[in-house]
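J.: Encoded as structure tokens, here's the structure I'll be asking about.
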Amino acid sequence: MDSVMTQTYAARVSQANRSELIVIMYEIILEDLKNGIKAYENSDIKTFGKELKHAQKFVSKLINSLDFKYVMSYDLMQLYLYTNKRIIAAIIKKKPDDLESAIKVMNRLLVGFEGVAKEDTSEPLMQNTQQLYAGLTYGKGTLNETYIDPKQHSRGFKA
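full-length UniProt numbering puts the first residue of the sequence shown at 1, with every later residue one more than the last.
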């Protein structure tokens with residue numbers, strides 16, 4: 001993942017609620033898997049492994065965030081473990097053959113959680129962050145994002 005995408009995801013995370021955060025994690029996993037496949041097609045095995053290991057970290061975060069008070073968590077755990085096994089197999093074999101099924105699983109989960117996120121009206125998880133506005137100014141070939149916070153003096157750690 002390049003620095004531009006990292007900044008884009010960081011901006012989205014700062015404004016996201018719980019459901020949107022899960023959607024972002026699915027998107028990152030899918031992007032990493034697809035970037036890994038592209039790296040393999042370009043004979044860049046080092047980047048292939050790096051992208052898959054990054055995706056694997058996010059799958060682990062999803063596994064660790066499950067709340068087993070809910071029955072659905074057990075089903076999600078099985079899907080996450082399956083995806084993780086496919087990623088491990090691809091890393092060991094140094095071939096992306098096992099990734100297509102993982103991508104299908106993640107795509108289906110993404111679609112489901114996008115629906116949940118649309119209905120989730122809860123507040124963003126991160127407090128004391130600046131509000132992000134896109135489209136106030138334009139750069140050469142880019143859309144600039146502006147942070148506006150009338151309480152600018154109170155940013156940072158609270159004592």
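Each residue gets a CB set at the ideal place from its N, CA and C atoms; glycine is no exception. Quick caveat, the model's predicted, so the values are computed rather than measured.
1. Can you tell me the Cα-Cα spacing of F68 and S14, whole angstroms?
2. Does the region 41–58 come into contact with the region 76–92, if we say contact requires no fewer than three beta-carbon pairs (one atom in each stretch) closer than 8 Å?
3. Please report the straight-line C-alpha distance between E119 and K104, rounded to a whole angstrom.
4. Once you ignore the five residues that flank Y74 on each side, which residues in its own chain have a CB closer than 8 Å to its CB?
5. Applying the 10 Å Cβ sphere with the 16-neighbour rule, what's the burial state of I45?
6. If you measure between the beta carbons of Y26 and P96, is that distance less than 7 Å?
7. Evaluate Y133 with the Cβ neighbour count: other Cβ atoms within 10 Å of its Cβ, from every protein chain shown; 16 or more gives buried, anything less gives exposed.
8. Determine the contact status of N84 and V59, defining contact as a CB-CB distance below 7 Å.
9. Can you tell me which of the three DSSP states T121 falls into?
10. Considering only the beta carbon of each residue, do M106 and L21 sit closer than 7 Å?
11. Give me the Cα-Cα distance between A10 and V71, rounded to the nearest whole angstrom.
12. Assign L76 to one of three DSSP states: helix, strand, or coil.
13. Helix, strand or coil: which one does DSSP assign to A16?
T.: Inspection of the coordinates gives the following:
1. 26 Å
2. yes
3. 24 Å
4. F68
5. exposed
6. no
7. Annotation note: pLDDT 49 at Y133 (below 50); position unreliable, coordinate value reported separately. Counting Cβ neighbours within 10 Å, Y133 comes out exposed, since fewer than 16 surround it.
8. yes
9. coil
10. no
11. 31 Å
12. helix
13. coil
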